[in-house]
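A.B. asks: Each step along the sequence shown adds one to the number in my numbering, with nothing skipped, and position 323 is 390. C-beta: ideal position from N, C-alpha, C; glycine also.
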Amino acid sequence: MKLPHLSPPAFVHDAAAVVRRHLLPLTIALTVLVTALGGYIGWNYWQFRQTAAHAFEELKGALHPADLSALANLVDFNALGNQLAVVAAQSYPFARPGPAQITDLSDLIQTALLRQARIKEEPLKETPDLAQRLKTPLYVLPQDFYTQLAASCSLQTAGDTVALVRATVHHPLLDRTFTLLMELERTPVESWKIRRIVNSAQLVREFRAAQLERMAARRKKVEEKNAAVTARFYQDFPIQDCTAEAGTLSDGKTLLLVLHLRARNNGATRVNNMNFEAAVLDLDGRELLRRQCNVVQPTPPGEALDHRWTIELDAASPTGQNVRAAGALTCRPIWKTLGLANGEVLHITDLPDQEEELR
């Protein structure tokens, strides 16, 4: 059976005709709408790229892993180095002294920052043992400096031309955490860049204070060690007597100073070699000279050391004249080193006034 042909209703034809008549205008309108929307989004994105927030995101990305090329676009290392050099010179006047001090310090600071960006940063190695920390040579930048900056930095305030970035860095050898307040600045001719550290003066002062504490701790460790060694000297190998006598030879030019020391081994181990420092004084206690004397003379437990040292002096020298004028002399000895038969070496370490690690 043949089905009858069904024609679409009249309203369908009418609707199709309307669409055909308005298709071009609709297409144009849609195109304009899409273009406008795209332009709006693009404009907003361009606007965002001009903000401190966008510069901050780029900075975080450039810090870890450190991208030197990207950092150079975001950090004015020259301006930063110059600023830090000025404040560093106040706390470290002995570092690169002279008319070019600021320039030299700026170069050192920039070199350190750029070199750190070129190396592969290692995870922070904490050193809980104070003695080990004090033995490790001090460096200014932690081994994961840029990694720490990236992990801790935050955008504190942001304006049209100035923003503040805060970050913290922990220095394992000083066991101290330092806060950095970095200023992001935008100029009419350049994009956003970090050109200075707002709290640079305080930062350098805090670092110097922490370093001085470290130096004092190192000195204290040496003092404690020396005290323990000195106690061993008094207990195991006490000096019983020391005398000093001087006389001029027949040539009238040579003055011989004889030091006579007696000590006894009260310890349980043979002492193979000894070194002591003798201060020679007049009867008023004025020090005339100081000499280091040593000898290899195995002294078993229970036995005594009895030894003389002859020191030749120029009778006409200031020291020789003082010794001759003093007449009677006294000797004040202290052990500096004892070498024991079991391989142990008892030694007194000299204490410098202040051992600067950063020069």
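Just verifying my parser: in three-state terms, what is the DSSP assignment at V256?
C.D. replies: Coil.
A.B. asks: Using alpha carbons as the reference points, say which of L147, R286, L380 lies closest to T170.
C.D. replies: Nearest option by C-alpha distance: L147.
A.B. asks: What is the DSSP secondary structure of L240, reduced to helix, strand or coil?
C.D. replies: It is coil, neither helix nor strand.
A.B. asks: Can you list, in chain order, the residues of its chain whose CB lies under 6 Å from that of R233, leaving out five sequence neighbours each side?
C.D. replies: Within the same chain, R233 has close Cβ partners S221, Q223, L248.
A.B. asks: Using alpha carbons as the reference points, say which of L141, D349, I176 lies closest to V154.
C.D. replies: When only C-alpha atoms are compared, the closest one is I176.
A.B. asks: Across which residues does DSSP place D349 in a beta bridge pair?
C.D. replies: D349 is bridged to L396.
A.B. asks: Taking its Cβ as the centre, do 16 or more other Cβ atoms sit within 10 Å of F161, making it buried, or is it exposed?
C.D. replies: By the neighbour-count rule (16 or more Cβ atoms within 10 Å), F161 is not buried but exposed.
A.B. asks: Take the Cβ of G406 as the centre, count every other Cβ of all protein chains shown within 10 Å, and call the residue buried at 16 or more, exposed below.
C.D. replies: G406 should be labelled buried.
A.B. asks: Would you identify the three-state DSSP class for K287, choosing helix, strand or coil?
C.D. replies: Reduced to three states, the DSSP call for K287 is helix.
A.B. asks: Within its chain, find whatever has a CB closer than 6 Å to the CB of R399; leave out the 5 residues flanking it on each side and keep chain order.
C.D. replies: Counting only Cβ-Cβ distances below 6 Å, and skipping sequence neighbours, we find A346.
A.B. asks: The alpha helix (DSSP H) with V153 in it runs from where to where?
C.D. replies: Run containing V153: 144–158, per the alpha helix (DSSP H) assignment.
A.B. asks: Could you say which of L172, H131, A311, E257 lies nearest to N140 if we only look at CA atoms?
C.D. replies: Taking only the C-alpha atoms, the option nearest N140 is E257.
A.B. asks: Please state whether the Cβ-Cβ distance between Q278 and L205 is less than 8 Å.
C.D. replies: Going by C-beta atoms, Q278 is nearer than 8 Å to L205.
A.B. asks: When the distance is taken between beta carbons, is E252 closer than 8 Å to T228?
C.D. replies: Yes, they are a contact pair.
A.B. asks: Hey, which unbroken runs of the beta strand (DSSP E) at 3 residues or more fall wholly within the stretch 289–324?
C.D. replies: For the stretch 289–324, whole beta strand (DSSP E) runs of length 3 or above, ordered along the chain, are 306–315.
A.B. asks: State buried or exposed for R375, treating a residue as buried only when at least 16 other CB atoms are found within 10 Å of its CB.
C.D. replies: R375 should be labelled exposed.
A.B. asks: Under the DSSP definition of a beta bridge, which residues are partnered with A234?
C.D. replies: Answer is L247, bridged to A234.
A.B. asks: By Cβ distance below 7 Å, which residues in the same chain neighbour E250 in space, the five residues on each side in sequence not counted?
C.D. replies: The residues are V229, L231, I261, R262, R263, V265.
A.B. asks: For the alpha helix (DSSP H) holding D174, just list the boundary residues, first then last.
C.D. replies: D174 -> alpha helix (DSSP H) spans 168–185.
A.B. asks: What is the DSSP secondary structure of T366, counted as helix, strand or coil?
C.D. replies: Strand, per DSSP.
A.B. asks: Q183 to E424, Cα distance in whole Å?
C.D. replies: Q183 and E424: Cα-Cα distance of roughly 19 Å.
A.B. asks: For D12, collect the residues of the same chain with a Cβ closer than 6 Å to its Cβ; drop the 5 residues on either side in sequence, then sort them by chain order.
C.D. replies: Nothing can be reported for residue 12, as the shown portion of the chain is limited to 68 through 426.
A.B. asks: Let me check understanding here. Comparing Cα to Cα, which of A152, D349, P305 lies closest to A393?
C.D. replies: When only C-alpha atoms are compared, the closest one is D349.
A.B. asks: Assign Q215 to one of three DSSP states: helix, strand, or coil.
C.D. replies: Of the three classes helix, strand and coil, the one that applies to Q215 here is helix, per DSSP.
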